[in-house]
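Q: Mind the numbering: the sequence shown is residues 0 to 126 in numbering that gives the first Met the number 0, read in order.
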Amino acid sequence: MKKSTKEPIGVHYWEYLEAKQRLEALRKSGTWPQIQEAEDRVDAMERDLIPEKDMPGTVHYYSDCSSGYVGIVLSPRKVVFVQNGLFQSCDIFTKRKNGLWVKEGEKARGGVILTLGYKHDYRCEEI
C-alpha cells in the first residue's frame, strides 16, 4: 500500500537554480565528464520541477516562444500560466505522464508546450 504524502515528489525551483549555478562553475574549471554529468542532472531536474507561484516559464508555440510566469497552482500537475503579465492571456497547462506540460485540451505531439524554469521570447517575422 502506498503512503500518501503532502509534499509532491519532484525538485523545488531553488534546488534547480543551485544545480544550474554548479554547472556554470564546472564549465569554467571542470573536466568534460563532470560537465556532462551536471548537464544531465540539470536536464532531469527541468522535467521534475514542482510548480510554484511566480515561477518563470516559456510557452512554445509552433514557431514562436512567449515568456510569463505561473499565476496559480491548481494542483501539482495543473497550473494557470500568465503570459506577459496580462491576466487576459492566461492558459491552463497540465503535466502529462511523459513530463511535458501541455495546454489543456491539446495533444502532446504538435501542441502548445510549457517549459518551467526560464523565460524566453521569440516571434517569427511574417514574410
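Ideal placement from N, C-alpha and C gives every residue a C-beta, glycine not left out.
In whole angstroms, give me the CA-to-CA distance for G98 and G116.
A: Walking along the sequence shown from the start, residue 98 turns up at place 99. Walking along the sequence shown from the start, residue 116 turns up at place 117. Near 14 Å, if we compare the C-alpha coordinates of G116 and G98.
Q: Please give the ranges of any alpha helix (DSSP H) in the stretch 2 to 51, keeping only runs that are unbroken, at least 4 residues long and fully inside the region.
A: Runs of the alpha helix (DSSP H) inside the stretch 2 to 51: 12 to 28, 31 to 46.
Q: In this structure, how does DSSP classify S88 when only helix, strand and coil are distinguished?
A: Translated into positions along the sequence shown, residue 88 becomes position 89. Residue state, collapsed to three classes: helix.
Q: So, using beta-carbon positions, are V69 and V58 closer together than 9 Å?
A: Taking the first residue of the sequence shown as 1, we reach residue 69 at position 70. Taking the first residue of the sequence shown as 1, we reach residue 58 at position 59. No, the pair does not count as a contact, with Cβ atoms beyond the cut-off.
Q: Do G9 and D39 have their CB atoms nearer than 9 Å?
A: Counted from its first residue, the sequence shown places residue 9 at position 10. Counted from its first residue, the sequence shown places residue 39 at position 40. No, the pair does not count as a contact, with Cβ atoms beyond the cut-off.
Q: Quick check: what's the CA-CA separation for S74 versus E17?
A: For the purposes of this step, residue 74 is taken as the residue at position 75 of the sequence shown. For the purposes of this step, residue 17 is taken as the residue at position 18 of the sequence shown. Cα-Cα distance, rounded: 25 Å.
Q: Pull up the distance between the alpha-carbon of W13 and that of R95, whole angstroms please.
A: Counted from its first residue, the sequence shown places residue 13 at position 14. Counted from its first residue, the sequence shown places residue 95 at position 96. The straight-line gap from Cα to Cα measures roughly 23 Å.
Q: Kindly list the residues whose CB is nearer than 6 Å to the CB of P50, restricted to its own chain and excluding five residues on each side of it in sequence; keep chain order.
A: Residue numbering aside, residue 50 sits at position 51 when the sequence shown is read from its first letter. V69, V72, V78.
Q: Suppose the cutoff is 6 Å on Cβ atoms and the five residues either side in sequence are ignored; what does the same chain contact list for T30 look like?
A: Counting from one through the sequence shown, the residue named residue 30 turns up at place 31. Within the same chain, no residue comes within 6 Å of T30 by CB-CB distance, once the 5 residues on both sides are set aside.
Q: Which class does K102 belong to by DSSP, given the choice of helix, strand or coil?
A: Here the question's residue 102 lines up with position 103 in the sequence shown. Note: K102 maps to strand in three-state DSSP.
Q: Along the chain, where does the beta strand (DSSP E) containing S66 start, and where does it finish?
A: Within the sequence shown, numbered from 1, the residue matching residue 66 stands at position 67. Unbroken beta strand (DSSP E) run through S66: 64 to 74.
Q: Considering only the alpha carbon of each residue, which of S28, L22, R108 lies closest to R37?
A: Against the sequence shown, residue 37 aligns to sequence position 38. For clarity, residue 37 is Ala in the given sequence; the question names Arg instead. Nearest option by C-alpha distance: L22.
Q: Pull up the DSSP beta-bridge partners for R59, would you.
A: Numbered from its first residue, the sequence shown carries residue 59 at position 60. Correcting the residue type first, residue 59 is His in the shown sequence and not Arg. DSSP output for H59 lists C64, I112 as bridge partner(s).
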